[in-house]
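Enquirer: Have a look at this one.
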Amino acid sequence: MTLVVAWLRKNDSLYELVVASDSRISGGESWDACPKVMALPRPGTVMAMSGDAAEAYTFLLQAINTCNLLDGNLTGRTGLRYFAKKLRDAYADLRNHVSDLPFGQKKADTPKLDVAVFGWSWRDLRFEGYSFSYDPEGVLRMHNIPSLRREAAYPLHLMGDAASDARRRIHQLMKVRELPRPMRGDPESSQVAHDAFLQWEPLEVIVEMAQDEEARTVGGTPQVIRIYQYGQAEAFVWRTDDADYFGGRPVQSPERFDRRIMRLQQGEVVTKFSDRSIYFGAEAS
Numbered sequence: 005m006t007l008v009v010a011w012l013r014k015n016d017s018l019y020e021l022v023v024a025s026d027s028r029i030s031g032g033e034s035w036d037a038c039p040k041v042m043a044l045p046r047p048g049t050v051m052a053m054s055g056d057a058a059e060a061y062t063f064l065l066q067a068i069n070t071c072n073l074l075d076g077n078l079t080g081r082t083g084l085r086y087f088a089k090k091l092r093d094a095y096a097d098l099r100n101h102v103s104d105l106p107f108g109q110k111k112a113d114t115p116k117l118d119v120a121v122f123g124w125s126w127r128d129l130r131f132e133g134y135s136f137s138y139d140p141e142g143v144l145r146m147h148n149i150p151s152l153r154r155e156a157a158y159p160l161h162l163m164g165d166a167a168s169d170a171r172r173r174i175h176q177l178m179k180v181r182e183l184p185r186p187m188r189g190d191p192e193s194s195q196v197a198h199d200a201f202l203q204w205e206p207l208e209v210i211v212e213m214a215q216d217e218e219a220r221t222v223g224g225t226p227q228v229i230r231i232y233q234y235g236q237a238e239a240f241v242w243r244t245d246d247a248d249y250f251g252g253r254p255v256q257s258p259e260r261f262d263r264r265i266m267r268l269q270q271g272e273v274v275t276k277f278s279d280r281s282i283y284f285g286a287e288a289s
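Counting from 1 along the sequence shown, just add 4 to a position and that's the residue number in our numbering.
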């Protein structure tokens, strides 16, 4: 799997954490309708996946089970870091239950895992992210993502095999739009960093790369979830001129949906309420 981007966005006086991805899974073939960012059954918590699809989706299922096991996780009463640690411990233990290995092999192969959990921490009153991957010795590691701290200039985190290309394109877009960058030695650099936030540039890059034939591992339509400071996450239906998509898959013509719609129009992100809800167009009684 290919490209996931998380960034902190300032909206008037409030902040939100946006997590977005493309919809392509590759591996001998390209499948362009696969969920890669998912809101977990825990308030304001999102999981994003790249790397090996089988491992990533297994991790997602274990994350859902970990939420459902404890009321504190399900309601969000436990801290985000506590939840992430429990998720790491639970998934790490799964490797002890692998059997029927190939003849002569005594230890399971180390999985290629690259997933992350993002959310609002009510304990620390900030957005946080934690990534999970295996080290060369086969130990599952959990890492804090400091690049999403509000104090950082343009808080941003990228995942997937197209991350370096996406970062280059984002920086190029920032340069074209002359977004201010804090300079070392500048007495105003701290204030510049304090006010430096991306808007929808990462999403524009996802759309651009999904349409670029040279970016072969990026494709399909964008998936976007916004996490708010009041501890909730909102997933959007992505609209093009031809169809609506949710979690990467086309919404079928008879299907209704209640989620808000997002689309990119002339470089601007536009959102609107669903016009395919059962309530849309209903007469007031």
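Ideal placement from N, C-alpha and C gives every residue a C-beta, glycine not left out.
The structure presented is a predicted model; accordingly, all values stated were derived computationally and were not measured.
1) Beta strand (DSSP E) containing S135: first to last residue?
2) Which residue spans inside the region 92-176 form an unbroken beta strand (DSSP E) run of at least 3?
3) Taking 9 Å as the cut-off, decide whether the C-beta atoms of F284 and I265 are in contact.
4) If distances are taken between C-alpha atoms only, which option among F261, Y95 and A58 comes closest to P39?
5) Taking 8 Å as the cut-off, does the region 62-69 touch the region 100-114 (at least 3 CB pairs, one atom from each stretch)?
6) Report yes if the C-beta distance between A200 and P186 is below 9 Å; otherwise report no.
7) Mind checking if S125 is an interface residue toward chain B, Cβ cutoff 9 Å exclusive?
8) Say whether the region 139-157 touches the region 253-273, bearing in mind that this needs 3 or more beta-carbon pairs closer than 8 Å, one atom from each stretch.
9) Would you decide whether Y249 is buried or exposed? Buried here means 16 or more other CB atoms lie within 10 Å of its CB.
10) In whole angstroms, give me the CA-to-CA distance for G48 and H161.
11) Can G83 and R127 be called in contact, C-beta distance under 9 Å?
12) Look up I68 in the DSSP assignment and say whether it is helix, strand or coil.
13) For L183, which three-state DSSP category applies?
14) Please name the residue in M178, Y86, I210 and W242 whose C-alpha comes closest to that of R46.
15) Look at the alpha carbon of R81 and the alpha carbon of L12, and state the distance between them as a whole number of angstroms.
16) Looking only at C-alpha atoms, which of T225, I282 and Q233 sits nearest to V41?
17) Opposite G55 in the DSSP bridges: which residues?
18) Can you list, in chain order, the residues of its chain with a C-beta nearer than 6 Å to that of V121? Leave out the 5 residues immediately preceding and following it.
19) Put V228 into one of helix, strand or coil per three-state DSSP.
20) Assuming I265 is part of the alpha helix (DSSP H), what are its boundary residues?
21) Going by alpha carbons, who is nearest to E182 out of A170, G164, E205 and D169?
22) Taking 6 Å as the limit between beta carbons, can you name the residues of its chain near V119, skipping five residues before and five after?
23) Determine, using beta carbons only, whether A10 and L152 come nearer to each other than 9 Å.
Expert: If we stick to the structure as given:
1) The residue you call residue 135 lines up with position 131 of the sequence shown. Its beta strand (DSSP E) spans residues R130 to Y138.
2) 117-125, 130-138, 144-148 and 160-163
3) In the sequence shown, the residue the question calls residue 284 occupies position 280. In the sequence shown, the residue the question calls residue 265 occupies position 261. No, the pair does not count as a contact, with Cβ atoms beyond the cut-off.
4) Here residue 39 corresponds to residue number 35 of the sequence shown, with the count starting at 1. Closest option to P39, Cα to Cα, is A58.
5) no
6) Position 196 of the sequence shown holds residue 200. Position 182 of the sequence shown holds residue 186. Going by C-beta atoms, A200 is nearer than 9 Å to P186.
7) Among the protein chains of the structure shown there is no chain B, as only one such chain exists.
8) no
9) By 1-based counting over the sequence shown, the position of residue 249 is 245. It counts as buried.
10) Looking up residue 48 in the sequence shown gives position 44. Looking up residue 161 in the sequence shown gives position 157. Going by the C-alpha atoms only, they are around 18 Å apart.
11) Taking the sequence shown and counting its residues from 1, one reaches residue 83 at position 79. Taking the sequence shown and counting its residues from 1, one reaches residue 127 at position 123. In this structure, R127 lies closer than 9 Å to G83 by Cβ.
12) Your numbering for residue 68 matches position 64 in the sequence shown. The answer is helix: DSSP assigns I68 an H, G or I state.
13) One-based indexing of the sequence shown puts residue 183 at position 179. It is coil, neither helix nor strand.
14) Residue mapping note: residue 46 aligns to position 42 of the sequence shown, counting from 1. When each option's Cα is compared against that of R46, the closest is Y86.
15) Position 77 of the sequence shown, counted from the start, is the residue given in the question as residue 81. Position 8 of the sequence shown, counted from the start, is the residue given in the question as residue 12. Cα to Cα, the separation comes out at about 23 Å.
16) By one-based count along the sequence shown, residue 41 stands at place 37. Here the closest residue by C-alpha is T225.
17) Mapped onto the sequence shown, residue 55 falls at position 51. According to DSSP, which records beta bridges pairwise, G55 is partnered with L117.
18) Working through the sequence shown from its first residue, we reach residue 121 at position 117. The answer, listed in chain order, is M51, A88 and Y134.
19) Counted from its first residue, the sequence shown places residue 228 at position 224. Of the three classes helix, strand and coil, the one that applies to V228 here is strand, per DSSP.
20) Residue numbering aside, residue 265 sits at position 261 when the sequence shown is read from its first letter. Here I265 belongs to no alpha helix (DSSP H); instead the beta strand (DSSP E) covers I265 to Q269.
21) Taking the sequence shown and counting its residues from 1, one reaches residue 182 at position 178. When each option's Cα is compared against that of E182, the closest is E205.
22) Translated into the one-based positions of the sequence shown, residue 119 becomes position 115. Once the five neighbours on either side are set aside, the close Cβ partners of V119 are M53, A60, F63 and F136.
23) Stepping through the sequence shown from its first residue, residue 10 is reached at position 6. Stepping through the sequence shown from its first residue, residue 152 is reached at position 148. The answer is yes: Cβ separation under 9 Å.
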